[in-house]
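Novice: Chains as they are written, first to last, in my numbering: chain A, 29 to 533; chain B, 29 to 533.
Just dropping this structure here.
2 protein chains.
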Amino acid sequence: MSGQSSAYAELRKLMREAGTLGSVNALLAWDQETYMPPGGADGRAEQRSMIATMVHERRTSFHIGDLIAACEQDATITNAERANVREMRRDYDLATKLPASLVGEIASTATKAQEAWRGAREKSDFAAFRSWLEKMMGLARQKAACYGTPAGGEAYDALLEEYEPGARASDLERVFTPLAKELSALIAKIKASGKTESLSIKPPAISAAKQHEFGQFLLKSMGFDMNSGRLDTTAHPFCEGLGPGDTRLTTRYREDEFAGAMYGTLHEMGHGLYEQGLPKHDRAGEPLGEAISLGIHESQSRMWENLVGRSRSFWTWAQPHASKTLSAWFGTQSVDALYSMSNLVKPSFIRVEADEATYNLHILLRFTLERALLRGDLQVAELPGAWNELFEKLLGMRVPDDRRGCLQDVHWSCALIGYFPTYSLGNLYAAQLFESAREAMPDLDRRFESGDFGGLLSWLRTNIHQHGRRYRAGELCERVTGKPLDSGALLRYLRGKASEVYGVS
Amino acid sequence: MSGQSSAYAELRKLMREAGTLGSVNALLAWDQETYMPPGGADGRAEQRSMIATMVHERRTSFHIGDLIAACEQDATITNAERANVREMRRDYDLATKLPASLVGEIASTATKAQEAWRGAREKSDFAAFRSWLEKMMGLARQKAACYGTPAGGEAYDALLEEYEPGARASDLERVFTPLAKELSALIAKIKASGKTESLSIKPPAISAAKQHEFGQFLLKSMGFDMNSGRLDTTAHPFCEGLGPGDTRLTTRYREDEFAGAMYGTLHEMGHGLYEQGLPKHDRAGEPLGEAISLGIHESQSRMWENLVGRSRSFWTWAQPHASKTLSAWFGTQSVDALYSMSNLVKPSFIRVEADEATYNLHILLRFTLERALLRGDLQVAELPGAWNELFEKLLGMRVPDDRRGCLQDVHWSCALIGYFPTYSLGNLYAAQLFESAREAMPDLDRRFESGDFGGLLSWLRTNIHQHGRRYRAGELCERVTGKPLDSGALLRYLRGKASEVYGVS
Numbered sequence: 029m030s031g032q033s034s035a036y037a038e039l040r041k042l043m044r045e046a047g048t049l050g051s052v053n054a055l056l057a058w059d060q061e062t063y064m065p066p067g068g069a070d071g072r073a074e075q076r077s078m079i080a081t082m083v084h085e086r087r088t089s090f091h092i093g094d095l096i097a098a099c100e101q102d103a104t105i106t107n108a109e110r111a112n113v114r115e116m117r118r119d120y121d122l123a124t125k126l127p128a129s130l131v132g133e134i135a136s137t138a139t140k141a142q143e144a145w146r147g148a149r150e151k152s153d154f155a156a157f158r159s160w161l162e163k164m165m166g167l168a169r170q171k172a173a174c175y176g177t178p179a180g181g182e183a184y185d186a187l188l189e190e191y192e193p194g195a196r197a198s199d200l201e202r203v204f205t206p207l208a209k210e211l212s213a214l215i216a217k218i219k220a221s222g223k224t225e226s227l228s229i230k231p232p233a234i235s236a237a238k239q240h241e242f243g244q245f246l247l248k249s250m251g252f253d254m255n256s257g258r259l260d261t262t263a264h265p266f267c268e269g270l271g272p273g274d275t276r277l278t279t280r281y282r283e284d285e286f287a288g289a290m291y292g293t294l295h296e297m298g299h300g301l302y303e304q305g306l307p308k309h310d311r312a313g314e315p316l317g318e319a320i321s322l323g324i325h326e327s328q329s330r331m332w333e334n335l336v337g338r339s340r341s342f343w344t345w346a347q348p349h350a351s352k353t354l355s356a357w358f359g360t361q362s363v364d365a366l367y368s369m370s371n372l373v374k375p376s377f378i379r380v381e382a383d384e385a386t387y388n389l390h391i392l393l394r395f396t397l398e399r400a401l402l403r404g405d406l407q408v409a410e411l412p413g414a415w416n417e418l419f420e421k422l423l424g425m426r427v428p429d430d431r432r433g434c435l436q437d438v439h440w441s442c443a444l445i446g447y448f449p450t451y452s453l454g455n456l457y458a459a460q461l462f463e464s465a466r467e468a469m470p471d472l473d474r475r476f477e478s479g480d481f482g483g484l485l486s487w488l489r490t491n492i493h494q495h496g497r498r499y500r501a502g503e504l505c506e507r508v509t510g511k512p513l514d515s516g517a518l519l520r521y522l523r524g525k526a527s528e529v530y531g532v533s
Numbered sequence: 029m030s031g032q033s034s035a036y037a038e039l040r041k042l043m044r045e046a047g048t049l050g051s052v053n054a055l056l057a058w059d060q061e062t063y064m065p066p067g068g069a070d071g072r073a074e075q076r077s078m079i080a081t082m083v084h085e086r087r088t089s090f091h092i093g094d095l096i097a098a099c100e101q102d103a104t105i106t107n108a109e110r111a112n113v114r115e116m117r118r119d120y121d122l123a124t125k126l127p128a129s130l131v132g133e134i135a136s137t138a139t140k141a142q143e144a145w146r147g148a149r150e151k152s153d154f155a156a157f158r159s160w161l162e163k164m165m166g167l168a169r170q171k172a173a174c175y176g177t178p179a180g181g182e183a184y185d186a187l188l189e190e191y192e193p194g195a196r197a198s199d200l201e202r203v204f205t206p207l208a209k210e211l212s213a214l215i216a217k218i219k220a221s222g223k224t225e226s227l228s229i230k231p232p233a234i235s236a237a238k239q240h241e242f243g244q245f246l247l248k249s250m251g252f253d254m255n256s257g258r259l260d261t262t263a264h265p266f267c268e269g270l271g272p273g274d275t276r277l278t279t280r281y282r283e284d285e286f287a288g289a290m291y292g293t294l295h296e297m298g299h300g301l302y303e304q305g306l307p308k309h310d311r312a313g314e315p316l317g318e319a320i321s322l323g324i325h326e327s328q329s330r331m332w333e334n335l336v337g338r339s340r341s342f343w344t345w346a347q348p349h350a351s352k353t354l355s356a357w358f359g360t361q362s363v364d365a366l367y368s369m370s371n372l373v374k375p376s377f378i379r380v381e382a383d384e385a386t387y388n389l390h391i392l393l394r395f396t397l398e399r400a401l402l403r404g405d406l407q408v409a410e411l412p413g414a415w416n417e418l419f420e421k422l423l424g425m426r427v428p429d430d431r432r433g434c435l436q437d438v439h440w441s442c443a444l445i446g447y448f449p450t451y452s453l454g455n456l457y458a459a460q461l462f463e464s465a466r467e468a469m470p471d472l473d474r475r476f477e478s479g480d481f482g483g484l485l486s487w488l489r490t491n492i493h494q495h496g497r498r499y500r501a502g503e504l505c506e507r508v509t510g511k512p513l514d515s516g517a518l519l520r521y522l523r524g525k526a527s528e529v530y531g532v533s
């Protein structure tokens with residue numbers, strides 16, 4: 029701490045306290061999803077609202093603002109500390125720019141809009157949701173106006189700031205458009221090959237207990253520290269970093285569908301490895317101890333789920349273990365068959381069920397439409413038509429009803445506009461970062477085949493995790509891979525698999 | 029709320045907030061014992077200390093003090109509300125009488141004293157603990173001086189206030205002394221009968237999963253609301269009321285010893301039924317929504333564990349269920365054999381392993397000695413000798429070493445002086461209250477035999493649970509049973525069992 033000004037030291041102390049309170053709220057949320065009995069719901073809402081208010085008050089106090097301003101004038105701090113202050117300023121401005129009345133209106137509208145959305149989706153009745161979506165778009169425009177549009181940008185950029193600091197819609201468009209064009213063509217070729225059905229193989233039913241045992245085995249093998257984390261079961265899987273030394277993953281089991289739990293566990297583990305790799309012990313509550321963005325977080329989950337977990341080398345290693353723990357069926361299959369089974373590409377209507385290749389087209393669709401809605405280029409009433417038209421263009425299928433179309437996702441009813449792109453950013457960053465990791469370790473496949481995942485993890489720790497929010501996502505990408513994000517690596521990766529599994533390219 | 033002054037309304041609001049924060053801390057504690065990974069320990073300590081400090085600050089603020097004073101002058105509030113304010117005053121005075129420096133010194137000494145106690149117990153080395161116990165007694169005297177001795181009382185009474193508001197050492201002595209005398213004689217007769225060994229029967233090993241299933245079945249059958257609570261596994265069983273609608277029980281399983289888990293579960297369930305019966309929804313954070321005292325809390329746990337769970341009528345009902353879920357062995361035994369097996373009396377050195385009858389002698393011993401230590405009538409250096417002498421007098425056995433003697437309990441090292449009597453108070457209140465319940469429902473045994481425990485539960489709800497802290501323990505006892513607490517009911521109950529099981533009285 030020597031050389032640090034007293035303002036900076038106090039700022040760190042206060043941020044740590046706010047962070048500690050925030051981690052308490054994270055436990056309240058985790059417990060609510062895992063073990064809380066239903067009768068505890070009202071009390072839990074009261075607890076969470078109280079703690080959330082305290083965290084917000086602490087993070088937006090005038091005193092914090094003064095301390096940040098003092099530190100910005102402090103010439104004695106290091107570059108890393110300067111980045112810490114820069115990110116504190118960003119958070120502070122973002123948190124103080126929205127009037128409490130707007131925050132409250134968004135929250136209460138979201139509660140009702142979600143209710144309306146649930147009913148509308150069930151009946152596939154867009155008319156019942158339309159006015160709520162109009163309200164949400166209006167509130168999103170107000171929010172964007174409060175944040176302020178970045179120079180040369182658009183209102184959508186202001187919303188992106190919440191999820192992907194520094195990202196711009198025009199940059200996303202530049203990366204997503206060629207990706208979508210090439211992917212559409214590739215997916216059409218895969219479909220034309222007619223091979224998916226013959227490659228679709230499935231093990232017999234596997235008990236949840238066996239799947240859980242195997243999941244834990246994978247976690248340990250891949251470097252997730254079980255002494256500082258755990259795996260539980262919830263309706264909707266998630267990863268929650270509860271603070272230094274406590275990272276909790278959840279998954280769900282279906283006996284007739286082992287892949288959902290296994291890849292779900294690897295996905296959450298990817299998030300969890302990032303959380304465990306952040307320097308939280310020294311930097312609890314500070315930007316330097318936090319994840320950069322949703323896109324970078326998602327790059328970690330997608331990397332372990334897809335680039336590692338769906339690789340041939342993964343199956344070379346995992347096959348005997350799966351045969352022993354999950355089902356002898358795995359031992360009766362070739363590694364090629366297991367590899368193909370894990371990499372089938374098949375257009376479908378529902379995003380959350382989509383495979384690795386078609387998934388990005390689902391995202392491009394949403395990004396395009398929500399951006400147009402926010403701009404006013406598209407009216408909410410026109411959404412179903414626009415959705416179905418673009419869906420058919422991208423994925424070659426006619427959407428049968430809005431339930432399987434524009435009503436399928438909860439996000440818009442929750443005021444999450446500008447969130448969808450982070451999913452594809454995750455895939456794009458994962459592929460580009462993984463190419464660099466492979467350059468640094470040309471024997472990566474050999475390592476995976478022998479169950480050595482430590483090389484990749486330590487590469488991620490060094491190049492990504494340890495920095496916290498020192499660099500913005502785009503900057504980190506350039507530092508690590510030598511170039512800005514583009515669609516090349518992801519396309520090369522998906523084409524490679526299409527060639528191996530389907531013989532097309 | 030009509031007719032309530034604005035001071036009273038604000039007081040309730042602030043108490044509710046402090047209560048909500050307190051329940052957050054309870055979840056942090058529960059999670060630490062159940063699911064937290066070891067790596068989370070440091071972060072958890074930081075979270076708990078922060079929330080505990082906030083709760084303390086809120087409960088001891090000058091503003092709260094002013095509001096309480098204003099309400100004490102308020103002639104418009106009801107008798108129930110007046111009791112609420114009376115208890116708030118009590119808590120406030122207790123919390124504000126100790127200087128922060130003394131609280132801090134007790135906490136830090138306790139941490140080190142526990143460490144020393146663990147080492148001393150392991151090596152049965154009293155000398156290694158002696159100076160710590162002297163420190164603790166000194167701090168306890170300082171604490172008692174801050175609280176102030178009640179008129180006509182002694183320093184020990186001031187310490188009792190924390191655990192058993194309104195209790196006086198002289199009253200306890202008046203009840204405990206005849207109890208101990210009669211029990212010693214009864215236990216000697218039981219021992220002389222020589223029947224314990226032949227009555228000691230045991231089922232074969234039972235898996236934890238089966239024991240857990242049976243425990244859950246008992247909870248549901250006896251009225252514990254599983255929609256507002258749950259049962260988990262921990263090293264040390266406990267019950268934690270996490271707020272309205274959320275009461276958590278824990279137990280532990282040993283395959284070769286089903287009774288420990290079963291009676292442990294019933295014990296915690298008794299605490300849990302009390303927590304579920306308190307009017308927490310309307311009265312969260314207020315005395316009227318809280319338990320009266322440790323003694324009354326313990327009376328609920330002991331009643332369900334012992335007076336219900338160790339009755340012949342319980343086994344008449346439970347036998348076929350135990351046979352089906354736990355082990356067919358239960359079906360091969362007579363109800364009398366199961367009843368006797370659950371009511372063996374056998375003097376032993378360790379309190380936590382003691383049976384229902386000898387248990388109270390362990391408590392009388394500790395009460396007598398800690399009271400003498402506090403007064404200075406007994407020096408810490410003389411403790412082992414005094415312990416062993418009194419133990420032999422009460423239980424007829426010579427203590428072989430201090431590990432099985434005065435070093436066995438953690439309490440004194442944690443500054444818990446004045447706590448032990450609440451265990452026996454629990455047994456005494458349980459027996460006296462149960463006699464009244466039986467008078468109100470003479471067919472109680474018939475009900476239990478048919479699995480109907482709802483009558484007893486609703487009697488407890490009406491007579492005890494719903495009142496929160498409206499009445500002090502002694503006052504409630506008189507209201508419900510028509511007389512002050514005495515040893516008669518407990519002695520009648522234990523003699524009845526001794527007669528049925530051992531043929532002595």
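Using N, Cα and C, we set each Cβ at its ideal position, and we do this for glycine too.
In this text, all values refer to a predicted model and were calculated from it rather than measured experimentally.
1. I'd like to know if Thr360/A contacts chain B, where contact means its C-beta is closer than 7 angstroms to some C-beta of that chain.
2. Does the Cβ of Met116/B have 16 or more other Cβ atoms within 10 Å, making it buried, or fewer, making it exposed?
3. Using beta-carbon positions only, say whether Asn491/A and Leu316/A come within less than 7 angstroms of one another.
4. Could you tell me which uninterrupted alpha helix (DSSP H) segments, each at least 4 residues in length, are contained entirely in the segment 453-493 of chain B, listed from first to last along the chain?
5. Contact defined as beta carbons within less than 8 angstroms: I believe Asp59/A pairs with Leu55/B. What is the distance between those atoms, to the nearest angstrom?
6. Rounded C-beta distance between Ala236/A and Glu283/A? I'm assuming under 8 angstroms.
7. Grouping DSSP H, G and I as helix and E and B as strand, with all else coil, what is Leu277/A?
8. Can you tell me whether DSSP reads Arg44/A as helix, strand or coil?
9. Does the Cβ of Lys209/B lie closer than 6 angstroms to at least one heavy atom of the ligand FAD?
10. Which partner residues of Asp260/A appear in the DSSP bridge assignment?
11. Buried or exposed for Gln239/B, please, with buried defined as at least 16 other CB atoms from any protein chain shown within 10 angstroms of its CB.
12. So is Phe90/A buried or exposed if we call it buried at 16+ other beta carbons inside 10 Å?
13. Should Ser327/B and Tyr457/B be called a contact, given that it needs their Cβ atoms to be closer than 7 angstroms?
14. Tell me which same chain residues have a C-beta within less than 8 angstroms of the C-beta of Ala526/A, skipping the five on either side of it?
15. Going by C-alpha to C-alpha distance, which of Asp310/A, Phe481/A, Ala465/A, Leu301/A sits closest to Arg44/A?
16. Please check the pair His84/B and Gly305/B, which I expect to be a contact at CB under 8 angstroms, by giving their CB distance rounded to whole angstroms.
17. Which residues in the same chain have their Cβ closer than 8 angstroms to the Cβ of Asn53/B, if we skip the five residues on either side of it in sequence?
18. Taking Cys267/B as the reference, give the member of Arg431/B, Ala135/B, Leu301/B with the closest Cα.
19. Let me check understanding here. Comparing Cα to Cα, which of Met250/A, Leu423/A, Thr104/A lies closest to Leu211/A?
20. In terms of residues, what are the limits of the beta strand (DSSP E) holding Glu201/B?
21. Are there 16 or more other CB atoms within 10 angstroms of the CB of Lys308/B, so buried, or fewer, so exposed?
22. Does the CB of Met331/B have a neighbour CB from chain A at under 7 angstroms?
23. Compile a chain-ordered list of the residues in the segment 267-295 of chain B whose CB is closer than 7 angstroms to at least one CB of chain A.
24. By Cβ distance below 6 angstroms, which residues in the same chain neighbour Arg330/A in space, the five residues on each side in sequence not counted?
25. Under 7 angstroms between the Cβ atoms of Ala501/B and Ile391/B?
26. From which residue to which residue does the beta strand (DSSP E) around Gly269/B run?
27. Among Arg379/A, Cys434/A, Asn371/A, whose alpha-carbon lies nearest the alpha-carbon of Glu398/A?
28. Does Gly305/B get closer than 7 angstroms to chain A when you measure Cβ to Cβ?
29. Exposed or buried, what is Glu503/B when buried is set at 16 or more other beta-carbons lying within 10 Å of its beta-carbon?
Specialist: To lay it out plainly:
1. no
2. buried
3. no
4. 472-477, 482-491
5. 6 angstroms
6. 7 angstroms
7. strand
8. helix
9. Absence of the ligand FAD from the depicted structure is noted, as is the absence of any ligand whatsoever, leaving it without description.
10. Thr278/A
11. buried
12. exposed
13. yes
14. Leu214, Lys217, Ile218, Val373, Ala385, Val532, Ser533
15. Asp310/A
16. 28 angstroms between Cβ atoms; not a contact.
17. Arg76, Ile79, Ala80, Val83
18. Leu301/B
19. Leu423/A
20. Premise fails: Glu201/B lies in the alpha helix (DSSP H), 197-221, not in any beta strand (DSSP E).
21. buried
22. no
23. Leu270, Gly271, Pro272, Gly273, Asp274
24. Gly454, Asn455, Ala458
25. no
26. 267-269
27. Cys434/A
28. no
29. exposed
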